[in-house]
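To start, the structure itself, in structure tokens.
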Amino acid sequence: MKEFLWMYFYAVLFLTMLVAIYGIAVKPNMLKKIIMLSILSDAANVLAVVMGYRANASSPPVYPGYTFEVVDYPSKDAIVSFVNSAVDPIPQVLVVTAIVIGLAVLVFLSSILILIYRKYRTLDVRRLSSLIKEGGEWIE
Amino acid sequence: MNYITVNDVMLAVFLTIALLFTYKTLVEKDLLKAVIYSAVESASYTVVFTSLFAPDLALAYVAIGVGVYSALFLLVISRTERFEGGDSNA
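As given, the protein sequences belong to chains A and B, one line each in that order.
Every letter in the first sequence is one number past the one before it in my numbering, and letter 105, counting from 1, is 178.
Every letter in the second sequence is one number past the one before it in my numbering, and letter 71, counting from 1, is 60.
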């Protein structure tokens, strides 16, 4: 049952990424392409975190018995039990970086989109390709 | 250790909600509604991150995915056109 549930998670995530890739490839509007690109990066981030998740984990990846008052170092048994029950923190750290980089990329693409609309008065890639083939219809 | 917890049910439900709203974003012609649907999708991924024991990602995502992305797309819509052209008028 548990294995079926995890296969369902992966299937839904890959299906979301497939729908987003279909939107990027097929939809003619460029803003719709950028929205689907943001959804694709969201699904990829969730997929990375799901791969680092451990079933029946009971705590965030912070060592529980470590406060400012008590300065004793954890014993070997405590470290072993903590490592056996915590989720993997490395995909989470990588995904934080990926979220910020994705935001920067989307801001850059949006500025290019606004400039394209100022020059050509359309965001449809079919009209844009015909306009550029005609030698460029520059509207100031 | 083979039982299903509340976390797993929440993961399944919110991943399915995200898939449904991704499809609604794909087929929507009004770009304003598409932006709102993608914001709902980001919010459901925030709940997914909370269930996966990544609260730092949930905090970053509820600000960036719901707030900054939507504001950015609304800015682009206000500078450009709102409706996606259905037929090819090339």
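Cβ atoms here follow ideal geometry from the backbone N, Cα and C, with glycine treated the same way.
- A/PRO101 and A/ASP197 have their alpha carbons spaced roughly 5 Å apart.
- About 7 Å separates the Cβ atoms of A/ALA117 and A/MET90, confirming a contact at the 8 Å cut-off.
- Counting C-beta pairs closer than 8 Å gives three or more between the stretch 13 to 32 of chain B and the stretch 105 to 119 of chain A, which meets the contact rule.
- B/PHE72 is bridged by DSSP to B/ASP19.
- DSSP places A/ASN102 within a strand segment (E or B) once states are collapsed to three.
- For A/VAL119, the nearest beta carbon of chain B is closer than 9 Å to its own beta carbon.
- For chain A, the residues of the stretch 13 to 31 of chain B that bring a beta carbon within less than 7 Å of one of its beta carbons are THR14, LEU15, LEU20, ALA23, VAL24, SER27, GLU30, SER31, in chain order.
- Taking the Cα positions, B/LEU41 is about 9 Å away from A/ALA130.
- Beyond the five residues adjoining it in sequence on each side, B/THR14 comes within less than 6 Å, by CB distance, of ALA23, TYR26, SER27 in the same chain, given in chain order.
- When beta bridges are read from the DSSP output, A/ASP197 appears opposite A/ASN102.
- With respect to B/LEU4, A/PHE77 sits apart: the two C-beta atoms are not nearer than 9 Å.
- In the three-state scheme derived from DSSP, where H, G and I count as helix and E and B as strand, B/ILE(-7) is classed as coil.
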